[in-house]
Every structure is written in C-alpha cells, then in structure tokens.
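Take a look at the structure below.
Chains as they are written, first to last, in my numbering: chain A, 1 to 218; chain B, 1001 to 1212.
This is the structure in structure tokens:
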C-alpha cells in the first residue's frame, strides 16, 4: 500500500516537472522578440551620436585625394542624377534609400578602408552614418558640410582680406592649388594645367594594385 | 527500495536542472531601450515619409515643441511653449516617460535645435525607438543683440553647381588662350575623369566572393 501511494505521488511529481519544462520551453519562444532590436544598444548609439569624431573636414579629405591615399572609399549618398552631374573624384554612388541593398554591403561592412559619406550638406550623410553605425560597421566618417562646403572651401576659395593673418593666406594658396588639381583653371595659370590633368589617371592604377592581395584565398 | 532511491536521485537532479534554468531566465537582462524598427524599415520610412515641419506650423495645438539644446542655451532664448530636453539626457527615464506621455495623447513632438543638422540624429534615434510621432523643425536659430532670431531654412539644398563652375573656369581660360592664339586640346579630359571609376567597382566585387 505504502509503495503504491509513493508511486502515485512520484508520478504526480513527474507530471509537474514535465509541465514546468513545457512552460519554460514556451518562454524560449518569447525570447527572439529581442533579437528584432539588431545592432548596438540605444544608449551607445546616443553617445556615438553626440560625439563629433565622425566629421572630417574638406581640407583633410582634399589632401588625401591629392596624395592618392588608397586607404579610403568615398561614398556619395545623393541620388544618381546629382552624382552624375558632379561628385568627388573616385566616389561611389549609393543613394540613401539603397544603402542597405545587398550589393553595397561589401563596401560598407569591412574594416580595410575608411568610409567617408557625403551629400550636399551633411544631413543625409549623417543619416547614412547613423544607420551603418547601428549595424556596427567600422571606420565610418562624414564629410562635414558636404559638397556645399567642398565648393566654398576647396573649389572656390575666397581670397582673404589683405589685413588677415599669414596663416589664412597660406590656407588660401593650398586651397587654390588644390582646386587646380580638381580642374579649376585660374587666369593667372596656364602651363600647370596639363600636369594637373594627368594625375587623376594615376589614382586608378594605384587602386588596382591594392586589390590583388585581398583576392588571396587559401 | 532500490528503485525508489533511483527515482529520488533523478528527481533531485531534475529539480536542480529546472532551478538553473529558472535562475537563467530570471537573470536574463532585458535591454532597457529596445528598438521598434530595424534598420531596413527605418530607411524605408525615412525615404517615404515627410518628417519635416516648418516654422509656421508651430502654433498648431497638437504639437509639442522640444528644445534639444543645452539648458544654458535654452535659458538664453527659446521658442514659445517649448520644453527643454538636452540630447545626452534623451534616454533618462523621466524624459522617456515624457515622450511616452506625449505619444499616448496623440500629439506630435517637434524637435528643434540650432540647425536641422544638429537635430537630425537625435530625431533618428527616437524614431528608431518607436516614437513615430516625431517631426523635425527646419529652423535656424541665431542671436542678434541677445535676441533670438528664427529663420526657416532648407535641408540638403545644393547651393552651387560645381561642375558648371569648373567648366566655366576652363572655358574662360580657353577664351583667353584663343585671344593669345594658343591651342588647347586637353580641355574635355577634366570632365570625363569621374567616369573612370566604373571599372574599379566591378573588380571590387570579386574579392568578397573569393573563397577556396
């Protein structure tokens, strides 16, 4: 009799345990809900947003383009039409709405190159930056002021007033020389032009060499 | 009796196991702020919806103005009826509950700052957290004799046609050269340089596909 009763209690216990396990399994179903929130936590995104480290000035990037630095990719997030009218040398066009298309992921999700987003101002470029930053892509930067700033500082620099500091004049001459590199012709310069025009070609050959090592597999 | 002991052992083991699972579940840390939108839908919404508000809409009663600048700047001057929530404090519980409250009453939050660029990303953050009743005020704030001046402004307007500017400078030079009877043949090359980028793109795709 005793044995029977114990057996009864025990079987009840098993039923309970089974029930608990089923409930726990049910809990697991609820867990994936949090997977929806992909990317870095909101707190971190906020602190990234506040920090202004992402901005790169037009002078910095102009210097890099002229010195044929192969370590960065320029990404134009404007639409195709404005990209075709004018863009920075060797820039790639990824319109903002196509940012997460699969074919562009290889450009964005890598850690070999620095990525520089730019648009007319830095509004859309910032948005592209924020979305890629949430996805934990690395080495992301934004061109401060975008094409508009690029035009006023590099392409069409304003001559400083005569009473301004020597530093400003220096800056002006570098910017002027840079603008010649990008194809602007000044009346007081004639022969330098032909030299400046040949340089963009060289950039391409440099880039080709860079690509070979990455192809390596085994 | 032997059998009884065996079942006892099994049941002890299983209760322990369940305990461990329970503890694991209870200590599972739920992220405090969860995104309501993933990146893809955010991007879609951004390109489809209009999230800008202009200065003449501000008087609408369903709008709540939120100043995202620091308390100091807010004190210096702010729009009428605005409340101040500085960007770094966005995720404080108090502030989040304010946003929640506004959302529950079906009002629209209008964020503004020194310029639209400054508001852009804080806006985007809240938007991704599920506060879809947000708008962004396209306004530029300035001070004139310690008085706040507001100016409507546009976002992402191309201010200058760079290509045209370069072409014109080349043209001008060409005209000058013609006067001096010197021929230039290299002119068109400058405009074609951007196109040369295309072959690079194709090659770029190869390495990523590469395997063994």
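We put the CB at the ideal spot given by N, CA and C, even for glycine.
- Under the DSSP definition of a beta bridge, residue 1052(B) partners with 1136(B).
- Scanning chain B for C-beta atoms nearer than 8 Å to the C-beta of residue 6(A) yields 1004, reported in chain order.
- A straight line joining the alpha-carbon of residue 122(A) with that of residue 1026(B) spans about 44 Å.
- In the displayed model, residue 188(A) falls within coil according to three-state DSSP, outside both helix and strand.
- For residue 1145(B), not one C-beta of chain A is nearer than 8 Å to its own C-beta.
- Contact between residue 48(A) and residue 133(A) holds: CB atoms are separated by about 6 Å, below the 8 Å threshold.
- For residue 117(A), the pairing in a beta bridge is given by DSSP as 75(A), 142(A).
- Residue 1141(B) has 1150(B) as its beta-bridge partners, per DSSP.
- Here the alpha carbon of residue 76(A) sits roughly 33 Å from the alpha carbon of residue 1058(B).
- The beta-carbon separation of residue 116(A) and residue 74(A), rounded to 5 Å, stays under the 8 Å limit for a contact.
- For residue 1095(B), the three-state secondary structure derived from DSSP is helix.
- For residue 61(A), the enclosing alpha helix (DSSP H) covers residues 58-66.
- The beta carbon of residue 1108(B) does not come within 8 Å of any beta carbon belonging to chain A, so the residue lies off that interface.
- Under the three-state reduction of DSSP output, residue 1125(B) falls in the helix class.
- Taking every protein chain shown into account, the CB of residue 1031(B) has fewer than 16 other CB atoms within 10 angstroms, so this residue is exposed.
- By the neighbour-count criterion, in which 16 or more other beta carbons inside 10 Å mark a residue as buried, residue 78(A) falls on the buried side.
- For residue 1110(B), the uninterrupted beta strand (DSSP E) segment begins and ends at 1108-1112.
- Proximity of chain A to residue 1081(B) at the Cβ level (cut-off 8 Å) is not reached, the minimal Cβ distance being about 26 Å.
- Rounded to whole angstroms, the separation of the alpha carbons of residue 1093(B) and residue 156(A) is 48 Å.
- Its chain contains 134 as the residues whose beta carbon lies nearer than 6 Å to that of residue 45(A), once the 5 sequence neighbours on both sides are disregarded; these appear in chain order.
- As the crow flies, the alpha-carbon of residue 1145(B) is around 44 Å from that of residue 93(A).
- Take the alpha-carbon of residue 149(A) and the one of residue 103(A): they are about 30 Å apart.
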